[in-house]
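Peer 1: Numbering (the working numbering), first residue to last: 787 to 1346.
Positions of the beta carbon are idealized from the N, C-alpha and C atoms, including for glycine.
1. Measure how close the beta-carbons of residue 1318 and residue 1325 come, nearest whole angstrom, since I'm counting them as under 8 Å.
2. Using the rule of at least 16 other Cβ atoms within 10 Å of the residue's Cβ for burial, across every protein chain shown, is residue 851 buried or exposed?
3. Would you mind giving the Cβ-Cβ distance between residue 984 and residue 959, rounded to the nearest angstrom? I have them listed as a contact below 8 Å.
4. Round the Cβ separation of residue 1355 and residue 948 to the nearest angstrom and send it over; I've been treating them as touching at under 8 Å.
5. Between residue 1306 and residue 1234, is the Cβ-Cβ spacing less than 8 Å?
6. Within the same chain, show all residues whose beta-carbon is closer than 7 Å to that of residue 1303, passing over the 5 residues directly before and after it, in chain order.
7. Nearest CA to the CA of residue 1191: which residue from 1296, 1172, 1181 and 1161?
8. If I measure Cβ to Cβ from residue 1134 and keep anything under 7 Å in the same chain, skipping five residues before and after, which residues do I get?
9. Mapping DSSP to helix, strand and coil, what is residue 1156?
10. Flag this pair as yes or no: are the beta carbons of residue 1298 and residue 1241 separated by less than 8 Å?
11. As a quick exercise: from 1149, 1087 and 986, pick the residue whose alpha carbon is nearest that of residue 1344.
12. If we ignore side chains and look at the alpha-carbon of each, how far apart do residue 815 and residue 823 end up?
13. In the DSSP output, what is residue 759 paired with across the bridge?
14. For residue 858, count the other beta carbons within 10 Å of its own beta carbon; 16 or more makes it buried, fewer makes it exposed. Which is it?
15. Quick one: is residue 935 buried, meaning 16 or more other Cβ sit within 10 Å of its Cβ, or exposed?
16. Could you tell me how far apart the beta carbons of residue 1076 and residue 1143 are, in whole angstroms, since I believe they sit closer than 8 Å?
17. Alpha carbons only, please: which of 1170, 929 and 1112 is nearest the one belonging to residue 1138?
18. I need the DSSP call for residue 854, collapsed to helix, strand or coil.
19. Just the C-alpha distance for residue 1238 and residue 1279, rounded to the nearest angstrom, thanks.
20. Hey, how far is the Cα of residue 841 from the Cα of residue 988?
21. Return the CA-CA distance between residue 896 and residue 903, expressed in angstroms with no decimal places.
22. Just to confirm, is the Cβ distance from residue 981 to residue 862 under 8 Å?
23. Spell out a yes or no on whether the region 1246 to 1255 and the region 1113 to 1123 are touching, meaning 3 or more CB-CB pairs, one atom from each, closer than 8 Å.
24. In the DSSP assignment, what residue or residues form a beta bridge with residue 1258?
25. Going by the CB atoms, is the gap between residue 1053 and residue 1011 shorter than 8 Å?
26. Taking 6 Å as the limit between beta carbons, can you name the residues of its chain near residue 1126, skipping five residues before and five after?
27. Unbroken beta strand (DSSP E) runs of length 3 or more, entirely within the region 870 to 948: which are they?
28. Inspect the CB distances between the region 865 to 881 and the region 824 to 844 and report whether three or more fall short of 8 Å.
29. Please classify residue 1050 as buried or exposed, where buried requires at least 16 other C-beta atoms within 10 Å of its C-beta.
30. State the Cα-Cα distance for the pair residue 974 and residue 1079, rounded to the nearest angstrom.
31. Grouping DSSP H, G and I as helix and E and B as strand, with all else coil, what is residue 1112?
32. Output the boundary residues of the beta strand (DSSP E) element that contains residue 1004.
33. Comparing C-alpha positions only, which one of 1175, 1093 and 1244 sits nearest to residue 1130?
34. Quick one, are the C-beta atoms of residue 1046 and residue 1060 less than 8 Å apart?
35. Quick check on DSSP: helix, strand or coil for residue 809?
36. Can you tell me whether residue 789 is buried or exposed, with buried defined as 16 or more other CB within 10 angstroms of its CB?
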């Protein structure tokens, strides 16, 4: 009878025997199959167990020698091992790795010796584990095998090994059998459900047989969920096929999504998230593309400018590169990919596109092609691109290889793929704390001036920032600082003219007064003169040269 039929029959028998005290229906928590959702009845049957009592302490101690990422993994697995009972290693399945045990047909006693194991191993090496199911017991045993009772007829165990015993033995079956790998593993990577599974089974089999953990580092990740945080499943229809993502966005965007999330908790993915990441990808790619475009006539073997001959802006860009290299390298070493994702994105957008690359356009487009100023900017771009392409390579592998193919290279350094290139190093000689403080201050003031320019733009006073003349009124330490760096102000603000005055005067109608810096006020007006059609700067010198009536004196000088 099925258990449902059996319940009814038992109740009926109790009633007929007048032995039923009470009959009542109870609603309670009940195990169900996770696939078909039907209720499950457990039946007690004989099983094989492996005791861990003999090495429990050694297993707990071995946990301490492993780096667990995140750190809470150490306490989690240690407490699991400390509190666990015997390991049930047998399963009742049609197919799997057999438990190599035999039973005497006469007395029923089990047979497992070093000799019987060795014979089975020999056969498995030749024919695979399917031989257990295909061959008779007598053919799997050494010749003339006898039981203690004298019996010579045996039957095979029908149970198979727990699959976690299989995977838990993979460190021996894989790492110790291949010449290109070494034991223990550098790192095991799996989901946070594997503390009860692979991480633990691997630890137990290794400590029992090798005396130590089979891994140096264990990294745990969360599960992939949809944009609303719900578990992905076929029944809900909220799954996303990676191949669909690759077809629409490319493999690198999918890889970028992986690196963008803190994998230690559950990771969300949706079409909106992928769309946002495709924009991030485009900004990183376009930064590299812009640099390659402006290195078209640059040969790093003969055009490089020495660091000592660069101006402060160029030195600042190389300083930011050193900070990025250090942060990204440390993030890779700690497997914190979301940190390097944010660092690289911020560097490309804020430090490069919105600041450095925007400012040096004037030099790149208008200075003499082989001038020291232009070559210095190209040197900086080459150094940045040469490091950046290596830093993005583990994540944006295809994009990095494409960049590597088109960018210039120093003779002797080019290899077929960026993935074969040496990792960039932090160059301490480019790290200047005083320079960094000074340029942080310049950036803060640039931000205040940008607000004034935006007000003037909204009031229809100017269009592009090069339409503008900026008058800065400052006092105290702010004036002193601006006076020291006044040669950089017009370039950094990207305007046609800058005038600096000491003191904030009454009666002046300021375009913008800073709330953060009370020592600073800004007036924006339309720059005088005509627009140079070559550099776009408004200058009163436009038209002074008869041969070039539409150019300013600087551009005329460059052309001559």
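Peer 2: This is what the structure holds:
1. The count along the chain shown starts at 1 and reaches residue 1318 at position 532. The count along the chain shown starts at 1 and reaches residue 1325 at position 539. Residue 1325 and residue 1318 do touch by the CB rule: their CB atoms are close to 6 Å apart, below 8 Å.
2. Walking along the chain shown from the start, residue 851 turns up at place 65. Looking at its Cβ environment, which holds fewer than 16 other Cβ atoms inside 10 Å, residue 851 is exposed.
3. In the chain shown, the residue the question calls residue 984 occupies position 198. In the chain shown, the residue the question calls residue 959 occupies position 173. That belief does not hold up - the Cβ atoms of residue 984 and residue 959 are roughly 13 Å apart, past 8 Å.
4. The structure shown has nothing for residue 1355, since the chain only spans 787 to 1346.
5. Looking up residue 1306 in the chain shown gives position 520. Looking up residue 1234 in the chain shown gives position 448. It is a contact, given that the beta carbons lie within the stated cut-off.
6. Walking along the chain shown from the start, residue 1303 turns up at place 517. Here the set comprises 1234 and 1264.
7. On the chain shown, residue 1191 is found 405 positions in, with the first residue counted as 1. The option with the nearest alpha carbon to residue 1191 is 1172.
8. As a working mapping, residue 1134 is identified with position 348 in the chain shown. Here the set comprises 1069, 1070 and 1073.
9. Looking up residue 1156 in the chain shown gives position 370. Residue 1156 falls in the coil class under three-state DSSP.
10. Here residue 1298 corresponds to residue number 512 of the chain shown, with the count starting at 1. Here residue 1241 corresponds to residue number 455 of the chain shown, with the count starting at 1. For residue 1298 and residue 1241, yes; Cβs fall inside 8 Å.
11. Translated into positions along the chain shown, residue 1344 becomes position 558. For residue 1344, the nearest C-alpha among the options comes from 1149.
12. By 1-based counting over the chain shown, the position of residue 815 is 29. By 1-based counting over the chain shown, the position of residue 823 is 37. So the alpha carbons of these two residues sit roughly 14 Å apart.
13. Any property of residue 759 remains undetermined from this structure, which presents the chain solely from 787 to 1346.
14. Within the chain shown, numbered from 1, the residue matching residue 858 stands at position 72. Classification for residue 858: exposed.
15. On the chain shown, position 149 is the one that residue 935 refers to. That one is exposed.
16. Counting from 1 along the chain shown, the entry for residue 1076 is found at position 290. Counting from 1 along the chain shown, the entry for residue 1143 is found at position 357. 6 Å between Cβ atoms; contact.
17. As a first step, residue 1138 must be located in the chain shown, where it is residue number 352. Closest option to residue 1138, Cα to Cα, is 1170.
18. Along the chain shown, read from residue 1 onward, the residue named residue 854 stands at position 68. Three-state result, residue 854: strand.
19. The count along the chain shown starts at 1 and reaches residue 1238 at position 452. The count along the chain shown starts at 1 and reaches residue 1279 at position 493. Their Cα atoms are separated by approximately 11 Å.
20. Position 55 of the chain shown, counting from 1, holds the residue named residue 841. Position 202 of the chain shown, counting from 1, holds the residue named residue 988. Answer to the nearest angstrom: the Cα atoms are 14 Å apart.
21. Here residue 896 corresponds to residue number 110 of the chain shown, with the count starting at 1. Here residue 903 corresponds to residue number 117 of the chain shown, with the count starting at 1. Here the alpha carbons of residue 903 and residue 896 stand approximately 13 Å from one another.
22. To locate residue 981, count along the chain shown from 1; it is residue 195. To locate residue 862, count along the chain shown from 1; it is residue 76. The answer is yes: Cβ separation under 8 Å.
23. Segments in contact, no.
24. Taking the chain shown and counting its residues from 1, one reaches residue 1258 at position 472. When DSSP reads this structure, residue 1258 sits in a beta bridge with 1286 and 1308.
25. Along the chain shown, one-based indexing puts residue 1011 at 225. Along the chain shown, one-based indexing puts residue 1053 at 267. In contact: residue 1011 and residue 1053 (Cβ atoms closer than 8 Å).
26. Stepping through the chain shown from its first residue, residue 1126 is reached at position 340. So the list reads 1114 and 1117, once near-sequence residues are dropped.
27. The region 870 to 948 contains these whole beta strand (DSSP E) runs: 888 to 890 and 940 to 942.
28. yes
29. For the purposes of this step, residue 1050 is taken as the residue at position 264 of the chain shown. The residue is buried, with at least 16 neighbouring Cβ atoms inside 10 Å.
30. Start at 1 with the first residue of the chain shown, and residue 974 comes out as number 188. Start at 1 with the first residue of the chain shown, and residue 1079 comes out as number 293. Each residue's Cα considered, the two are about 42 Å apart.
31. Here residue 1112 corresponds to residue number 326 of the chain shown, with the count starting at 1. Helix at residue 1112.
32. Locating residue 1004 in the chain shown gives position 218, where the first residue counts as 1. Residue 1004 -> beta strand (DSSP E) spans 1001 to 1007.
33. Translated into the one-based positions of the chain shown, residue 1130 becomes position 344. Minimum Cα distance to residue 1130 is reached at 1175.
34. As a working note, residue 1046 is residue 260 in the chain shown. As a working note, residue 1060 is residue 274 in the chain shown. Result no, Cβ atoms of residue 1046 and residue 1060 do not sit closer than 8 Å.
35. What you label residue 809 is simply residue 23 of the chain shown in a count that begins at 1. It is coil, neither helix nor strand.
36. Taking the first residue of the chain shown as position 1, residue 789 is located at position 3. Flag for residue 789 reads exposed.
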